[in-house]
Amino acid sequence: MHLLLSRVPSIWKSLTAFCSQSQSQEYIKSVRNIEDSWCTLQDCSSTDDNESTIETSFDLSMKIKCDLNGTVKFEIPSRQSSTAVEQEPPAPKEALHHYRIFPDYGTDFLWFNVADPSYDPHDTYVDPSEVLSRMHPSVAQGYDSWVRAYNNNFKARCEDTQDYSANVFSTPSEYVAWLVTGYLLAWRIALDPRVGSVEYLPERVPYVLEKGKETAATVAFLEEQAMLLANPMSRS
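Letter 149 of the sequence shown, counting from 1, is numbered 149 in the numbering used here, and no numbers are missing.
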């Protein structure tokens, strides 16, 4: 199954920012043919020239194919390995969990969304260790590192300086790399058979990742990050 995208060259700018930033390397196992980015820990010589790949360190592998007409296709990301829980049949629709991920300094960024069976408007907090323990251990490791990167930056650049108007990340490219990492982590969580959807809300615009309906969210998200790179003053 593929996610069909029209000609959207801007998506490559966002993916290149993710692949080329130094802080992204802990989340990447290998990259092939993402513009001028090349980071690999294994042999990728068998990959076709018109096929790009991103293999993350948190159990998510994605292929991006471009045909002669310039049409780009994202394959639905695959899990490289599954826990015993993830190999179980999907939960009934009414029992599926629905989460929101948004950065809030000092928290773990994970919350119940309105559609979740356990949703309580007065208590939406979710313990990530309970959710991510069902998945490959690398997912929790990647998620914890991603949250820690934001919290550490916020403390150093905003809290310690008492300048709460400061940007949490020092450059737009660094920020976009962090945002793309979060999107891919949200996508990995959404692949769990007990998860119905994950709403990723890094800023003002929500992106809902739901099995079989990821196309529009992925295009919109990557285009938004490309605009942020082109217009750094738009950073919130």
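Idealized CB from N, CA, C, for every residue including glycine.
Item	Value
For a minimum of 4 consecutive residues, which ranges assigned as the alpha helix (DSSP H) are wholly contained in the stretch 140-219?	172-190
Leaving aside the five residues before and after SER170 along the sequence, list all residues of the same chain whose C-beta is less than 7 Å from its C-beta, in chain order.	none
Figure out for me which residue from PRO89, PHE154, GLY182 has the closest Cα to the Cα of PHE18.	GLY182
Short of 7 Å in beta carbon distance, which residues of its chain neighbour LEU185, apart from the five on each side in sequence? Order them along the chain.	PHE58, GLY142, TYR143, TRP146
Need the endpoints of the alpha helix (DSSP H) that LEU110 sits in, please.	Not the alpha helix (DSSP H): LEU110 falls in the beta strand (DSSP E), residues 110-112.
Could you tell me if ALA95 is buried or exposed, where buried requires 16 or more neighbouring beta carbons within 10 angstroms of its beta carbon?	exposed
Kindly give me the distance between the Cβ atoms of PRO232 and PRO172, rounded to whole angstroms, as I take these residues to be in contact under 8 Å.	4 Å
Please go through the same chain and pick out, in chain order, the residues whose beta-carbon is closer than 6 Å to the beta-carbon of ILE64, but skip the five residues on each side of it.	SER52, PHE74
On the three-pair Cβ rule with 8 Å, is the stretch 118-135 touching the stretch 152-172?	no
With respect to the alpha helix (DSSP H) encompassing VAL131, which residues constitute its N-terminal and C-terminal limits?	128-132
Residue range of the beta strand (DSSP E) that SER30 falls in?	28-32
Could you tell me which of GLN25, ILE54, PHE221 sits nearest to ASP203, measuring between CA atoms?	Note on identity: in this sequence residue 203 is Glu, with Asp being the wrong assignment. Closest by alpha carbon: PHE221.
Looking only at C-alpha atoms, which of VAL208, ARG100, ASP192 sits nearest to SER133?	ASP192
If you draw a straight line from the C-alpha of MET62 to the C-alpha of GLU55, how long is it?	6 Å
Is the beta carbon of LEU201 closer than 8 Å to that of ILE101?	yes
Which residues in the same chain as CYS158 place their Cβ atom closer than 6 Å to its Cβ, once the five residues preceding and following it in sequence are excluded?	TYR164, ALA166
Which of the three DSSP states, helix, strand or coil, is assigned to MET227?	helix
Rounded to whole angstroms, what is the Cα-Cα separation between SER138 and LYS29?	12 Å
Measure the C-alpha to C-alpha separation of ASN239 and ALA216 and round it to an integer number of angstroms.	Lying before the first or after the last residue shown, residue 239 is absent from the chain, which here runs from 1 to 236.
Can you tell me whether ARG188 is buried or exposed, with buried defined as 16 or more other CB within 10 angstroms of its CB?	buried
What are the boundary residues of the alpha helix (DSSP H) that includes SER10?	10-20
What's the gap between the Cα of ASN33 and the Cα of ARG194?	33 Å
May I ask you to report which of helix, strand or coil DSSP gives SER61?	strand
Looking at C-alpha atoms only, which residue of PRO90, VAL205, GLN23 is the closest neighbour of ALA190?	PRO90
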